[in-house]
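In the order they appear, the protein sequences are chains A and B. Once you know that position 120 of the first sequence is 120 in the UniProt record's numbering, the rest is easy, because the numbers rise by one and skip nothing. Once you know that position 48 of the second sequence is 48 in the UniProt record's numbering, the rest is easy, because the numbers rise by one and skip nothing. Backbone N, C-alpha and C define an ideal beta-carbon position, used for all residues, glycine too.
2 protein chains.
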Amino acid sequence: MTAVPRLFSILRQGPYLIASVHTALDDSQLVRFQEDLVHRIGADRARGVVIDVAALDVLDSFGSRTLRDVAEMARLRGAVTVIVGIQPDVAFAMVELGMDTGSVLTALDLEEGLVELDRCVAAPPVVPT
Amino acid sequence: MTAVPRLFSILRQGPYLIASVHTALDDSQLVRFQEDLVHRIGADRARGVVIDVAALDVLDSFGSRTLRDVAEMARLRGAVTVIVGIQPDVAFAMVELGMDTGSVLTALDLEEGLVELDRCVAAPPVVPT
Numbered sequence: 001m002t003a004v005p006r007l008f009s010i011l012r013q014g015p016y017l018i019a020s021v022h023t024a025l026d027d028s029q030l031v032r033f034q035e036d037l038v039h040r041i042g043a044d045r046a047r048g049v050v051i052d053v054a055a056l057d058v059l060d061s062f063g064s065r066t067l068r069d070v071a072e073m074a075r076l077r078g079a080v081t082v083i084v085g086i087q088p089d090v091a092f093a094m095v096e097l098g099m100d101t102g103s104v105l106t107a108l109d110l111e112e113g114l115v116e117l118d119r120c121v122a123a124p125p126v127v128p129t
Numbered sequence: 001m002t003a004v005p006r007l008f009s010i011l012r013q014g015p016y017l018i019a020s021v022h023t024a025l026d027d028s029q030l031v032r033f034q035e036d037l038v039h040r041i042g043a044d045r046a047r048g049v050v051i052d053v054a055a056l057d058v059l060d061s062f063g064s065r066t067l068r069d070v071a072e073m074a075r076l077r078g079a080v081t082v083i084v085g086i087q088p089d090v091a092f093a094m095v096e097l098g099m100d101t102g103s104v105l106t107a108l109d110l111e112e113g114l115v116e117l118d119r120c121v122a123a124p125p126v127v128p129t
């Protein structure tokens with residue numbers, strides 16, 4: 001019985017989780033990624049998730065759908081998800097193939113993603129009257 | 001080997017890119033436009049893109065779809081896109097031919113487009129308490 005090494009990492013940074021995908025994941029790894037992330041949101045009481053896919057130079061329809069599904073699951077668990085680092089060719093393929101990325105938030109890179117999370121997660125300022 | 005001159009320009013203005021289409025583009029130029037723009041978003045870390053099509057007096061279904069696709073790719077790369085300068089006849093044709101421009105943002109001209117970008121990109125002001 002050989003354990004397959006994880007091809008992704010999920011790190012905690014303050015109220016956020018940063019999930020990095022290191023290489024193209026096969027379908028079983030994608031499902032494992034999905035499960036791990038959804039569990040970690042609860043365990044770490046995360047308010048937001050950044051999924052960094054900069055290392056991916058291809059993303060098939062299953063991968064694309066899984067990312068969208070993860071974002072939706074995270075939302076149901078109370079966390080906002082931002083996908084960052086989508087490469088030009090991947091963006092091209094996703095649009096050309098008509099993969100519906102729905103209303104998933106995106107940002108250029110990790111830095112912009114964290115800014116976006118801050119913007120989304122922060123409660124709107126309540127001005128006392 | 002004669003290099004075909006670019007029939008569009010992509011200029012940077014602060015955090016935005018301003019892409020002007022100078023004349024009706026054929027299909028290969030449209031694809032080149034698409035690729036250049038998506039790459040420039042990353043290279044210039046653009047937060048928004050204005051595509052100025054004021055010089056176009058015709059826009060076929062491929063052109064229309066390409067504009068929509070560019071906007072979606074830009075979004076995947078973390079930039080908001082506003083299309084400006086759609087001429088009356090072009091607007092007429094696009095609607096009459098049932099070209100779905102989806103949820104692409106539009107504005108009357110470059111000036112209004114930049115205002116629209118400011119509105120979309122700017123983080124909501126945080127009121128110190």
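Could you tell me which chain B residues have their CB closer than 8 angstroms to the CB of residue 152/A, listed as they occur along the chain?
Look at the range of chain A in this structure, 1 to 129, and you will see that residue 152/A is not part of it.
Who are the Cβ neighbours of TYR27/A in its own chain at under 8 angstroms, not counting the five residues just before and after it?
Position 27 of the first sequence holds residue 27/A. Contrary to the premise, residue 27/A reads as Asp rather than Tyr in this sequence. For ASP27/A, where only same-chain residues beyond five positions count, the Cβ hits under 8 angstroms are PHE62.
Can you find a CB in chain A that lies within less than 8 angstroms of the CB of PRO124/B?
As a position in the second sequence, residue 124/B is number 124, starting the count at 1. Here PRO124/B scores only 48 on pLDDT, less than 50, and its place in the model is too uncertain to base an answer on.
How long is the line joining the alpha carbons of GLY85/B and ARG32/A, rounded to whole angstroms?
Position 85 of the second sequence, counted from the first residue, corresponds to residue 85/B. Position 32 of the first sequence, counted from the first residue, corresponds to residue 32/A. Computed Cα separation, rounded: 47 angstroms.
Which residues in the same chain as ARG45/B place their Cβ atom closer than 8 angstroms to its Cβ, once the five residues preceding and following it in sequence are excluded?
For the purposes of this step, residue 45/B is taken as residue 45 along the second sequence, with counting starting at 1. PRO15.
Does the segment 109-124 of chain A come into contact with the segment 86-93 of chain A, if we say contact requires no fewer than three beta-carbon pairs (one atom in each stretch) closer than 8 angstroms?
No: the two stretches stay apart, fewer than three of their Cβ pairs being nearer than 8 angstroms.
Does the distance from the CB of VAL104/B to the CB of ALA71/B come in under 8 angstroms?
Along the second sequence, read from residue 1 onward, the residue named residue 104/B stands at position 104. Along the second sequence, read from residue 1 onward, the residue named residue 71/B stands at position 71. The answer is yes: Cβ separation under 8 angstroms.
Please compile the residues from chain A whose C-beta is within a distance smaller than 9 angstroms of the C-beta of GLY42/B.
Locating residue 42/B in the second sequence gives position 42, counting from the first residue. By Cβ distance, chain A contributes GLN87, PRO88, LEU108 and ASP109.
Closest Cβ-Cβ distance between VAL38/B and chain A: below 8 angstroms?
For the purposes of this step, residue 38/B is taken as the residue at position 38 of the second sequence. Yes, because at least one Cβ of chain A sits closer than 8 angstroms to the Cβ of VAL38/B.
If ALA19/B and ILE51/B are in contact, beta carbons under 8 angstroms, what's the gap, nearest whole angstrom?
As a first step, residue 19/B must be located in the second sequence, where it is residue number 19. As a first step, residue 51/B must be located in the second sequence, where it is residue number 51. Indeed, because the Cβ distance is near 5 angstroms, the residues count as touching under 8 angstroms.
Can a CB atom of chain C be found closer than 8 angstroms to the CB of ALA91/A?
Included in the structure are the protein chains A and B, with no chain C among them.
For VAL95/B, which three-state DSSP category applies?
For the purposes of this step, residue 95/B is identified with residue 95 of the second sequence, where counting begins at 1. Looking at VAL95/B - three-state DSSP - the assignment turns out to be helix.
Counting along the chain, where does the beta strand (DSSP E) carrying VAL49/B start and finish?
Translated into positions along the second sequence, residue 49/B becomes position 49. VAL49/B -> beta strand (DSSP E) spans 48-52.
How many angstroms separate the CA atom of SER9/A from the CA atom of VAL21/B?
As a working mapping, residue 9/A is identified with position 9 in the first sequence. As a working mapping, residue 21/B is identified with position 21 in the second sequence. Roughly 43 angstroms separates the two Cα atoms.
Specify, as a first and last residue, the run of the beta strand (DSSP E) that ILE10/A falls within.
Stepping through the first sequence from its first residue, residue 10/A is reached at position 10. Segment 8-13, the beta strand (DSSP E) holding ILE10/A.
ARG65/A to MET94/B, Cα distance in whole Å?
Walking along the first sequence from the start, residue 65/A turns up at place 65. Walking along the second sequence from the start, residue 94/B turns up at place 94. The alpha-carbon atoms of ARG65/A and MET94/B are separated by roughly 31 angstroms.
Tell me the residue span of the alpha helix (DSSP H) that contains ALA74/B.
In the second sequence, counting from the first residue as 1, residue 74/B sits at position 74. Element bounds for ALA74/B: 61-76.
Residues of chain A with CB closer than 7 angstroms to the CB of residue 130/B, please, in chain order.
Since the displayed chain B opens at 1 and closes at 129, residue 130/B lies outside it and no answer follows.
Determine the DSSP secondary structure at SER103/A, reduced to helix, strand or coil.
Residue mapping note: residue 103/A aligns to position 103 of the first sequence, counting from 1. In the structure shown, SER103/A sits in coil (DSSP, three-state: anything other than H, G, I, E or B).
Using three-state DSSP, classify VAL38/B as helix, strand or coil.
On the second sequence, residue 38/B is found 38 positions in, with the first residue counted as 1. VAL38/B: helix per DSSP, three-state reduction.
Please determine, among GLU35/B, GLU111/B, GLY113/B and ASP109/B, the residue with the shortest C-alpha to C-alpha distance to GLU96/A.
Residue numbering aside, residue 96/A sits at position 96 when the first sequence is read from its first letter. Comparing Cα-Cα distances from GLU96/A to each of GLU35/B, GLU111/B, GLY113/B and ASP109/B, the minimum goes to GLU35/B.
Would you say ARG47/B and ALA74/B are within 8 angstroms of each other, going by their C-beta atoms?
By one-based count along the second sequence, residue 47/B stands at place 47. By one-based count along the second sequence, residue 74/B stands at place 74. Taking 8 angstroms as the Cβ cut-off, ARG47/B and ALA74/B do not qualify as a contacting pair.
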